[in-house]
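Since the structure comes first, as structure tokens, the remarks are kept for the end.
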Amino acid sequence: MKKNNLLSLTVCLLFCFNSFSFDKSTKKLNKALYEFFLNLELTKRNNEILGIYDYIPNLKSRKKIETIVFDACLNGSFREKVLFNYQNNILSKIEYRIKRSDVDDYINFNYKLSYIEEKLSGVYIKNRLLYKFNYNSLGSLKEVKYFLKNNIVKVYNIKYDYERSKIKFSLDVIKNLNVYFDINKSKDFLIWDKNHNLKKFSFDIFSYEDIEYSNLNDIKSIKYSTISDKNKLFTWSYIKFDERKNWTQRESKEYRVNRIINYK
277 MKKNNLLSLT
287 VCLLFCFNSF
297 SFDKSTKKLN
307 KALYEFFLNL
317 ELTKRNNEIL
327 GIYDYIPNLK
337 SRKKIETIVF
347 DACLNGSFRE
357 KVLFNYQNNI
367 LSKIEYRIKR
377 SDVDDYINFN
387 YKLSYIEEKL
397 SGVYIKNRLL
407 YKFNYNSLGS
417 LKEVKYFLKN
427 NIVKVYNIKY
437 DYERSKIKFS
447 LDVIKNLNVY
457 FDINKSKDFL
467 IWDKNHNLKK
477 FSFDIFSYED
487 IEYSNLNDIK
497 SIKYSTISDK
507 NKLFTWSYIK
517 FDERKNWTQR
527 ESKEYRVNRI
537 INYK
């Protein structure tokens, strides 16, 4: 009887451990996908640089964050400022401002993020739904809907290949509730490493590979390709850090970034 009880307890503990590990892994993958689409959105607003930049903060401290101020400049041709607002250490608002060389004033884009059970459910711009995130029964992100104007919706369907640490996308384009463009054999994909960081991806016209991270888990270098360029190397040099080892200044050639992190 004691052996049976011990066996039952062992099985129960293994089940609980595996469930915990799976949930933890799922949260990390979901987070990587959230950040990918948010970085993609902010890069579109930039309109001055090629590729997808890592705007969304990757922080090492468990101390609660109130706001993060992101201030960047590229060779004097543009200036961008981003304010990240947090509630209970969860990103809730993004205020993106850019001043291009051909305009006198900043152009503003304000985003609000909504959550259901700690999972990102929607991103709004000027109270209009821009992104909707849907999940499967296990809590993994299964599709991302991107709402454009003129009643057009892009639906990114997500398929996981856990053995290869790979995510494949297929794309449906819907207009007035009718699917008029369907790509089931899309070449878009993401590959993650053991820390659930992106190490390679191909999305739209951009292809990134050999993404390397520092020992503080910050992006150090990337090789990227576009239609006109192949395997160009992009690197970040981290200049300053705060006492919690979060960077406050970094540079890449003529692209300089400063951050102010306000803790609670």
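Using our numbering, you'd call the opening residue of the sequence shown number 277 and step up by one each time. All C-beta atoms, glycine included, are put in the ideal place defined by N, C-alpha and C. Here the structure is a predicted model, which is why all the values come from computation and not from measurement.
About 19 Å separates the Cβ atoms of I495 and F465, ruling out a contact at the 8 Å cut-off. The three-state reading of DSSP puts L309 in helix, counting H, G and I together.
Here the C-alpha atom of K451 lies approximately 10 Å from the C-alpha atom of F423.
The secondary-structure analysis by DSSP pairs V379 with nothing; it has no beta-bridge partner. Under DSSP, G415 takes part in no beta bridge, so it has no partner.
If you draw a 10 Å sphere on the C-beta of T302, you find 16 or more other C-beta atoms in it, and that means buried.
V345 has its alpha-carbon roughly 21 Å from the corresponding atom of K529. The continuous beta strand (DSSP E) containing L396 extends over residues 395 to 401.
DSSP places Y539 inside the beta strand (DSSP E), whose first and last residues are 531 to 539. The Cβ atoms of I328 and F482 lie closer than 8 Å to each other.
Within the region 316 to 385, the runs of beta strand (DSSP E) that reach at least 3 residues and sit entirely inside it are, in chain order, 341 to 350, 354 to 363, 366 to 376. Put simply, the backbone Cα of L417 is about 32 Å away from that of R526. The Cβ atoms of L453 and Y432 do not sit closer than 8 Å to each other. Counting only runs that start and end inside the region 414 to 500, the beta strand (DSSP E) elements of at least 3 residues fall at 417 to 423, 428 to 437, 442 to 451, 454 to 459, 465 to 468, 474 to 479, 482 to 489. Exclusion of the five residues before and after E311 leaves I332 as the residues of its chain whose Cβ lies within less than 7 Å of its Cβ. Judged by their CB atoms, N361 and T343 are nearer to each other than the 8 Å cut-off. The alpha-carbon separation between F479 and R535 amounts to approximately 28 Å.
In the three-state reduction of the DSSP assignment, K516 falls in the strand class, which pools E and B.
Counting along the chain, K508 sits inside the beta strand (DSSP E) bounded by residues 508 to 511. Cβ-Cβ separation between K336 and R520: approximately 6 Å, consistent with a contact (criterion under 8 Å). Under a 10 Å Cβ-count criterion, L509 is classified as exposed, with fewer than 16 other Cβ atoms of the shown protein chains found around its own Cβ.
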